[in-house]
Structure formats: structure tokens, C-alpha cells
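**Student:** Chains as they are written, first to last, in the numbering used here: chain A, 26 to 293; chain B, 26 to 293; chain C, 26 to 293; chain D, 26 to 293. Think of the CB as a built atom: it goes at the ideal place given N, C-alpha and C, for glycine as much as any other residue. What follows is a structure written as C-alpha cells; I'll ask about it next.
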Ligand SMILES: [Fe+2]
Ligand SMILES: [Fe+2]
Ligand SMILES: [Fe+2]
Ligand SMILES: [Fe+2]
Ligand SMILES: [Fe+2]
Ligand SMILES: [Fe+2]
Ligand SMILES: [Fe+2]
Ligand SMILES: [Fe+2]
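Next up, the structure:
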């Protein structure tokens, strides 16, 4: 089984990158399952139903989220019916709409997709991601050994700890949230593919995709500033491809994808 | 002018990686200046004089530091005489020993090396790195346009902001501290080479180089734990090579170096 | 029912204050239950068995703790047999020794004492204190309506939120951790007594009880510093007295106690 | 010289408390200088010109601010002409409008009023308050020994450290920001009056003055919530009175003022 995962789609620039490149990437890599993180899809903050549908139309099978899940109020209008949207598992169970994982069926094979959020420097105090994900993984493994975790977290420490903690229990732990792709992709000794952060999909010339002048101004002035998505910019698309053994769930390979003006996409 | 930069050397595993690979890398890439971040060199916390000298002997011209500069008390015994050691510029000027930058002369060309620390999520409240580095850069440019900044910071946001802020004023902004190499190397429009984080040099099978079981235990138990460097591990070495135009100071190219068991080093 | 609560006992100065004043305060106020926070009792960091017993001997019925519970390793030697010691409820249940609440019997009346820790700015990511304490309170109320909560937290926001959240369900929410007594004692509309922070018991001329020169030095130099308890100092003792209706559990009154050189203790 | 200081006025409830009680307090205590913190005066976030003038009309001589200074954009319309408004001194000097201190003349005697912000857990990285305020204090002392510092900070540690650091150099260090009054008022050995936090002036039945249900909801749900000032509530007014020796600048006495439904105001 092959999984294609694309990181945080951001605003119009990110959406255009998805409609442009996702079909090409799917033709080239022929993934059985395509997952896209959409926490910044609608103007940088959350996602609304129109954009959710557009990303599915462009080829995503599952859309994962993160700390920005609730930033666009329209989420509450459609999340409960959105079967392909997964928000972080460890938000409070009593009050949080939506689901923290889903299972995708590809012919006879199933892939569970979990969205999980870190607790360090995230500004939200959620249930401990380690002890929250562990019993879910155990339960899911009764159904399928193929489990993909989008771990939305800030620090490399929490991300590496999660990957080693789950090594051998899930097929992949791939980080999101920092919007910068790391180059540490590897398969851990017990078969879990890991990449600290897959990076984001949006404006190449913003700061994490936001308007440069506003972010720099905030650092210089320390006053409240409104950030917007940097619109006048070429795009970056960040992703990775993971090959699993569908019988054992073990990852065989993980490779990064990075498309930007310095690394343009070439059709074969 | 070519610069070789190697990220946070960590403990014995990192030191051995330096003595093993730094001479090879220098033979291959023939840098005029070699810079090594040494904030974790002595048992993961700070650096003492013996290790400082060992890294110089292995081929470093300058050793940069970070938030862990003061963790090993032996630093106070030799920092004031250590002409090739640079600690973060923006520690309090009245009380901090050592220097925040140095100038290396290579024949007729000079390279200024600045060590700078971010303020977001770093646990130390230092002078604003933006307004602190700006006047120094202006002053240094009267002497040389070739300026390298090791920006030791946690968040991708602060790192990208610094790089765009200094674009055209310095030759390179390369991040350290997260211990994970990013894949976003690029030359910004006005000639500044940028890489969010160069990564670290130490145990490949630790968590940021520290003992896995202890770091995971801390996340699970939330109790005080003593971390040590993971000693029984193969090594990773993380670095980058930057080519500058020595007349203008503009970067021409930046390339990452990553050596680990999954990406072994081959002599040409 | 009358409760006497005394805040964070710190080091030798704090222990001496307890042995000196706790008997006097008990003679004057005649509380049915005396509770003392002991998270800083042994040299400022945690508590060992000898000091635990000394505080009980001085008159405490229950000793509550906080984020410093585990700082002194000797805690692990005796916590499981320490029937009168309560550590924060919301530490991870699978790995944490000790208990998060206890029930004290006074003739026919029972008082449950809960120790709970906040999550904001506490440096430990514990289970959400709100949703963790709520089902325990519901369960305890089947046994007794008299419930005292030592809420060990940093921010006034989290403390006030907890008090209003539990108003009418517990008899008292009294904060600890900041080491400074607040003057906002009140009985909330549905009968819960509240005080944001009861303050600490230890050196009056330290900074939160720690050596002034070291704490100021840390702020000035931003380097690692070892803090110790300020020993050459007169003492402060901080506490409060709460009167409950033992039938309904409703608080009738809460009054602060503050003894220090500026507010000396006078026997009647 | 007598100073009356009143803490963070919040929204309509706070403004009404000021117009109701400030004239009464001035008649009773006859302060030479009245200082009011106004960072939350206009709907809880910042201050606009109309409210600024109202508070002056009600009897304030100086209005101090804090981290919320810039939350209401109208501040930029009038701050540069607002001779009686002082914002935190340690915002970036190059970009911040307004002033960080002012000098009030009372007959032949002068009082300098400084507004200063802490760095710990404040969400803004400002210049170190210790080394920023120190040279200003030295300069001001050439003009007057009477110096009042409103230290707007979160932690008791930073507040106590500042007070001991400035002991003997300023007349008073009084904290604001937590919105809860502390009971630790004292005159330090070298003559500086100190109170960790003077408390706030606004709705008695909010959480830090904000709507209870929204603040509790944020803790329970961990989703973005809009807080508003709790309007349907009686008021609390928090303040203190400080007596100085106008010749030496030494404080002679500091006393707290707290008016709320549990501690109603009685005219003599
Ligand atoms: Fe994102
Ligand atoms: Fe995010
Ligand atoms: Fe490091
Ligand atoms: Fe570091
Ligand atoms: Fe304490
Ligand atoms: Fe504490
Ligand atoms: Fe305020
Ligand atoms: Fe504030």
C-alpha cells in the first residue's frame, strides 16, 4: 500500500497548488490513499465546506487538521457530516464535534488515519497525546495493522518521542504544524516510518505562508498585528510518499516531496 | 568563499563523528571557513576547554553556541581567552563573558560569524535578536560584506522572519537548536542563504540525541527526569555548505549535508 | 466544621514557623481539620519522610503537594504508605504513586481533601483539571458534601475559573503555588469558599522564599542559577480558616491568616 | 506626599466604579497624586480617548497601561498628545508611540511615575525590565527621589525580584495585571513600598472581569472563544495608598483599598 501525504494547505495559493499538482502526483506515484492536512486551507485559518470539497475533488481521500481546526466558524456547520475530515483526537471528548480518526478501505485493505496534537508550546491544553493514542492504536490493530498518524506538534522533541513510542505499532508518524519540511525521514527499527514535519503547501515567499511584513513587524514592534496569507507569491507544495506492507503494516520506505520555484516539478 | 557549517555536536558520539568526518568533508568541499556549533559538545550540556580544543583540532575555525552555553560551569574558566568561540550575541552585555561575533580572515577576505539566539519558547529572555543584530550587521558591513549568522531558535516563524529581515544584509542565516535538519535551504531574493535548521551531530537513535527511554518517560510521567546523551548509537552528522561571492557577500548556493546510517558517507 | 489551611511550607524557616505557630493557631481557632501544603518543605523542593512526620506532629491532619511533589527523590520511599499525603489528582494515573484525595473523618462528619494542579504556565502537561475533578467531586458527594480543594496553579484566571466551575459542588477552592497571599477571599453565590492563593510559609525576606541575590541574578544574567531557600530571614506564615455547614457542605465564612514581622502574632 | 493608586479599570462596570468611588476616596485620603491603570478601560481591551478623558475627569492625574495598551486601535489617534498617559517603558523605543514615564509636579515636589512590563509569561518579548528601568531611575533621581513604578507582570517571582532590586532607589513598586489583589503590602528595608498586585476595578462576578461562561468554556473546550466584559455584575474597586517622605523619597506606609459587595464602602 502506498500513501501520499501533503502538508498544511494554506489559502488560495495552497489551494491552487493542490489543484495543479495533486492530480500529477497521483498519476506519478499511484498512491492507494491520499491524505491532505487542511487546517489552514481557508484564508490561513481553518477550513470551510467549499474548500473541504475542493480538496477532496482534487484527489484527497482524507483531510487532517490541527490547532487551527476551529478558527473558521463554518467548520461547525459541516464537521459532523464530513466523513473524510479528521480533527485532532485528543480534544476534549465531551464537547468536540467531529472525529479523531477514520478508516479508509482500499479493496480488501484498510488504512486507519489518526490526527493527533502535541501539547508542548501549542497554546491548547489537550489530553496527553501519548496515553490517548495508545489504546486507540491497540484497538485499531484488531482491525488493521496499517495506521497513519498525522502528529500536529511544535517541538522536534515531542515528535521524535511519539515516533519512537509508537515504533512497531503504527505504520507512520508524520509531523505537521511548523510549515517547514524536515529532512529526517527514516524507517525506525520496528517498522514505523517517521518524518518530523512534512512542511506546508502555500506561498513560498511568506513567513510560514503569512505576509512577511506583518510577521516581521510583530517581532519588531511587539504589538497586536493581523496576519494574512501572502497572496503574491509562487507556491510550495510539501509532501511525502510512504510504502507499507499491507499485511504487516510495516513501512518499507518513506520519501519526501518538495515542489517550489527552486525545486520545480517535472513531468517524467 | 565557501563555508562549511556543522550543527550541534552532542557528547561522545557527536565528537567522534566530528573527528571521523570533518577532515573528510574538508577534503571534499575545501571550505575556506569551517564553523561548528558546540553547545551540546560536553555530555550534551555546554562545552569545556578540552572538547573546545578537540573540535578546533578536528578542523573547526569557529565554534558557535546557544542556550546551553552556560550549562557546563567549566565554560567560565576559558571563555574569555577562547578566541574562536562565539556565544549568542544578545545575552546581557553587562554580565556575559565571551563575545557574540568574531571575524575570520582568509587571505585577503574576511568572514564575520555571528551567534544569535531567538526569544520565542527559549526559556531565556534575551535582548530582541532583530534590533540587536541589525546595528552590528551595519557596522560589520563597513569591514566586510561576508557575514554568517547561526540563529539559535526554536520556532520556524522566528527563523524565517530573521532570514527575510536580514536578506541582502548578510550572506547566510542558518538555524540551530531543534536538532532536526530542515529541507528548506534556499537563497533569498537579495542574496541571503537560508536554512531553518541545520540539524545536529550526535546519536542517531536518541531523541534529539538524548536517551529515548528517559525522554519518553518524561512525557508519560510528567515528573523530573535526568536526560543523558544516548551513547549506544550510530552517529548522524548534519551540516551545510554555502558558497558566497566574497566581493559582494551574496550567497550563490547552499546545500545540505546529512550523514547517518540511512545516508552513509562515501568517499568519492 | 472548621478547616485551617496553611500554604506551602518552605525549608527550615517554614518548618520552624509551623512548629511555632500551628499549635497556637489550633488553640485559637479550634479547627476540626488542619491541612498544610508541603510541596517545598524539604529544602524548598519536595518533602521527605522526616519532614512529613514533623508537620503531622506539629498538628496537620493532611499534607497537600503541588508541582514540586517529585523534586526530592525520597518521596518515592514513603508516598505509598503515607496515608495523610495527597499529591495532585491529575498526574497520570498509570504511573503516579500516591493518591489525589483523601477523606478525613471527624466524629460523624467527613471532609474530602483534593489536591489538583492547574495546566497554564505550570511546566507539566497534566490531565485537564476541570474534567478530571468533576467526576471525582460527583462521586465524593455521594459520601460527603464537605470537599476542600487545594488548587495548585499559577494564573488567577485558571483559579477563578475553577472556583466558579465548582461553585455549589465543593465547600472550598483555595489556591496555592504563587507563594503570595491574595486578598480576594469570598464565599461564591452557591456556597463555595474561594481564595486565589493562600500564600506560603517560609522566609519573609527571600523571593518566593528563595535567596534574593540568586533570583535577581537569574533575571539579570539569564544564565542557569541554583536557588536555595533564604535561611537568614524571619518567617511568614500564610493560611486561612473556613467555616462550613457540615450538613450541606456550604461554606459560611473564609478568613485569611497572615503572620510576619509586619503583622506579628499576638496571643489573645 | 500621598499617592492613591487604583488598578486596572475594566469596561463600563469599572468606569462606573471610578466615577462613583474615586471622588470619595480622594476626599477621604487626600492624595497629592492619583494614578489609575487603564489598560482594560474600554470594553476590556485598551483605552480610547473618551474613556481616557473620563478617568482624568473622575480624578486621575496619571493613567498607566500594560500589555493591553494597543488592543484598541484608537490609542494611536491620541497617545502622542496624551500627556497623562504612560505605557510600559520597555516596549521597543524605535517604534512605540507614547512615553514610559512622566513627572507630576505637586507644588514644589515632583513624583515620577513609571510604567514597566514584565517578561515572564506575558506573550510579548520586551526589553529586560530590570536593566531598562535601572538607568532611568538613576537619571530621574537627579530630579526627584519620589518614584512610583507600576510593574505590570504575571509572576510573583518577577514582581518580588523587581521590588528587592529597586529597594532604596524608588518609593514604590506596585504590581498590576493579574486582576487579583494580593495581601503582601510592606515597606522593604531600604524604603520601597511594595504590593505584588493591586488588583483590578470592574465586574466582581466575572473571571478577571470577563464573562464567566466564556472563560470556563475556553478551559473546557480548548477552542477559540471571544471573551467580553461581564456586564451584569456589581463592581469591585482595588487600590492602595502610599505615604512617602517627599524629601528622601522613602515610603513610610502602604495600605490596601478593596471595595466590593463583601467589603462595602462606608463614608465616615
Ligand atoms: Fe498549519
Ligand atoms: Fe498548526
Ligand atoms: Fe543543541
Ligand atoms: Fe539549543
Ligand atoms: Fe510552592
Ligand atoms: Fe508550586
Ligand atoms: Fe489588566
Ligand atoms: Fe495586563
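On the premise that residue 135 of chain B lies in contact with residue 179 of chain B, defined as a C-beta separation below 8 angstroms, what is that separation, rounded to the nearest angstrom?
**Tutor:** Not really, about 31 angstroms apart at Cβ, beyond 8 angstroms.
**Student:** Check whether the Cβ of residue 32 of chain D sits closer than 7 angstroms to any heavy atom of ligand 8, and report yes or no.
**Tutor:** Not under cutoff, so the answer is no.
**Student:** Please list the partners that residue 156 of chain D has in chain B, where partner means a Cβ-to-Cβ separation under 8 angstroms.
**Tutor:** Going along chain B in sequence order, the residues near residue 156 of chain D (Cβ under 8 angstroms) are 117 and 119.
**Student:** Looking only at C-alpha atoms, which of A/154, A/208, A/221 and A/277 sits nearest to residue 215 of chain A?
**Tutor:** For residue 215 of chain A, the nearest C-alpha among the options comes from A/277.
**Student:** DSSP on residue 75 of chain D, reduced to helix/strand/coil?
**Tutor:** Of the three classes helix, strand and coil, the one that applies to residue 75 of chain D here is helix, per DSSP.
**Student:** Between residue 189 of chain C and chain B, is any beta-carbon pair separated by less than 8 angstroms?
**Tutor:** False, the Cβ-Cβ gap to chain B never drops below 8 angstroms.
**Student:** Closest to residue 138 of chain A by C-alpha separation, out of A/253, A/145, A/157 and A/162, would be which residue?
**Tutor:** It is A/162 whose Cα lies nearest to the Cα of residue 138 of chain A.
**Student:** Listing by chain order, which chain C residues have their CB less than 7 angstroms from the CB of residue 245 of chain B?
**Tutor:** Per Cβ cutoff of 7 angstroms: 117 and 120.
**Student:** Residue 303 of chain B CB to nearest chain A CB: under 8 angstroms?
**Tutor:** Any question about residue 303 of chain B goes unanswered here, given that chain B covers just 26 to 293.
**Student:** Quick check: the region 262 to 269 of chain C against the region 215 to 224 of chain C, are at least 3 beta-carbon pairs closer than 8 angstroms?
**Tutor:** Because the criterion of three Cβ pairs below 8 angstroms is met, the region 215 to 224 of chain C and the region 262 to 269 of chain C touch.
**Student:** Anything in chain C within Cβ reach of residue 40 of chain B, meaning under 7 angstroms, just list it in chain order.
**Tutor:** Going along chain C, no residue has its Cβ under 7 angstroms from residue 40 of chain B, so there is no contact; the nearest lies around 23 angstroms.
**Student:** Just mark residue 105 of chain A as buried or exposed, buried being the case when its beta carbon has 16 or more other beta carbons within 10 Å.
**Tutor:** The residue is exposed, with fewer than 16 neighbouring Cβ atoms inside 10 Å.
**Student:** From the DSSP secondary-structure annotation, give me the bridge partner or partners of residue 284 of chain B.
**Tutor:** Residue 284 of chain B is bridged to B/262.
**Student:** Along chain C, in chain order, which residues have C-beta atoms closer than 7 angstroms to that of residue 11 of chain B?
**Tutor:** Chain B is shown from 26 up to 293; residue 11 of chain B falls before or after that span and cannot be answered.
**Student:** Do the region 55 to 66 of chain B and the region 277 to 291 of chain B make contact, defined as three or more Cβ pairs closer than 8 angstroms?
**Tutor:** No, the region 55 to 66 of chain B is not in contact with the region 277 to 291 of chain B.
**Student:** So who's on the other strand from residue 93 of chain B, going by DSSP bridges?
**Tutor:** Paired residue(s): none; residue 93 of chain B is not in a bridge.
**Student:** Does any C-beta atom of chain F lie closer than 8 angstroms to the C-beta of residue 150 of chain A?
**Tutor:** The displayed structure is made up of protein chains A, B, C and D, and chain F is not among them.
**Student:** Cβ of residue 92 of chain D versus every heavy atom of ligand 8: is any distance shorter than 7 angstroms?
**Tutor:** For ligand 8, at least one heavy atom lies less than 7 angstroms from the Cβ of residue 92 of chain D.
**Student:** Should residue 183 of chain B be listed as close to ligand 2, given that the test is whether its C-beta is under 7 angstroms from any heavy atom?
**Tutor:** Flag unset: Cβ of residue 183 of chain B not near ligand 2.
**Student:** Does the region 248 to 255 of chain A touch the region 115 to 125 of chain A, meaning 3 or more C-beta pairs lie closer than 8 angstroms?
**Tutor:** At 8 angstroms Cβ cutoff, the stretches do not touch.
**Student:** Cα separation between residue 247 of chain C and residue 149 of chain B?
**Tutor:** Residue 247 of chain C and residue 149 of chain B: Cα-Cα distance of roughly 6 angstroms.
**Student:** Starting from the C-beta of residue 79 of chain B, find all residues in its chain whose C-beta is less than 7 angstroms away, skip the five residues before and the five after it, and write them out in chain order.
**Tutor:** Contacts found: 40.
**Student:** Grouping DSSP H, G and I as helix and E and B as strand, with all else coil, what is residue 276 of chain A?
**Tutor:** Three-state DSSP puts residue 276 of chain A in a strand.
**Student:** With distances taken from CA atoms, which of A/26, A/38, A/32 and A/206 is nearest residue 231 of chain A?
**Tutor:** Here the closest residue by C-alpha is A/38.
**Student:** Would you kindly work out how many angstroms separate the C-alpha atoms of residue 44 of chain B and residue 83 of chain B, rounded to a whole number?
**Tutor:** Whole-angstrom Cα-Cα distance: 5 angstroms.
**Student:** Do residue 244 of chain B and residue 155 of chain A have their beta-carbon atoms positioned less than 8 angstroms apart in this structure?
**Tutor:** Yes, these two residues count as a Cβ contact at 8 angstroms.
**Student:** DSSP state of residue 142 of chain A, grouped into three classes?
**Tutor:** In the structure shown, residue 142 of chain A sits in a strand (DSSP, three-state: E or B).
**Student:** Could you give the uninterrupted runs of the beta strand (DSSP E) lying entirely in the region 131 to 207 of chain A, keeping only those of 3 residues or more?
**Tutor:** Correct list: 134 to 142, 172 to 177 and 197 to 201.
**Student:** Among residues of its own chain, excluding the 5 on either side of residue 92 of chain A, which ones have a beta-carbon nearer than 8 angstroms to its beta-carbon?
**Tutor:** Correct list, in chain order: 64, 113, 142, 147, 148, 149, 177 and 202.
**Student:** Could you check if residue 70 of chain C is buried or exposed, using at least 16 other CB atoms within 10 Å of its CB as the buried criterion?
**Tutor:** So residue 70 of chain C ends up on the buried side.
**Student:** From the beta carbon of residue 219 of chain A, is the nearest beta carbon of chain B less than 8 angstroms away?
**Tutor:** Chain B, which has no Cβ nearer than 8 angstroms to the Cβ of residue 219 of chain A, makes this no.
**Student:** How would you write the range of the alpha helix (DSSP H) that residue 100 of chain A sits in, first residue to last?
**Tutor:** Run containing residue 100 of chain A: 100 to 103, per the alpha helix (DSSP H) assignment.
**Student:** Would you say the beta carbon of residue 288 of chain B comes nearer than 7 angstroms to a heavy atom of ligand 8?
**Tutor:** No.
**Student:** Step through the CB atoms of chain B and report whether any lies within less than 8 angstroms of the CB of residue 241 of chain A.
**Tutor:** Closer than 8 angstroms to some Cβ of chain B, the Cβ of residue 241 of chain A qualifies, so yes.
**Student:** Quick one: what does DSSP say residue 240 of chain D is sitting in, helix, strand or coil?
**Tutor:** Correct three-state label for residue 240 of chain D: helix.
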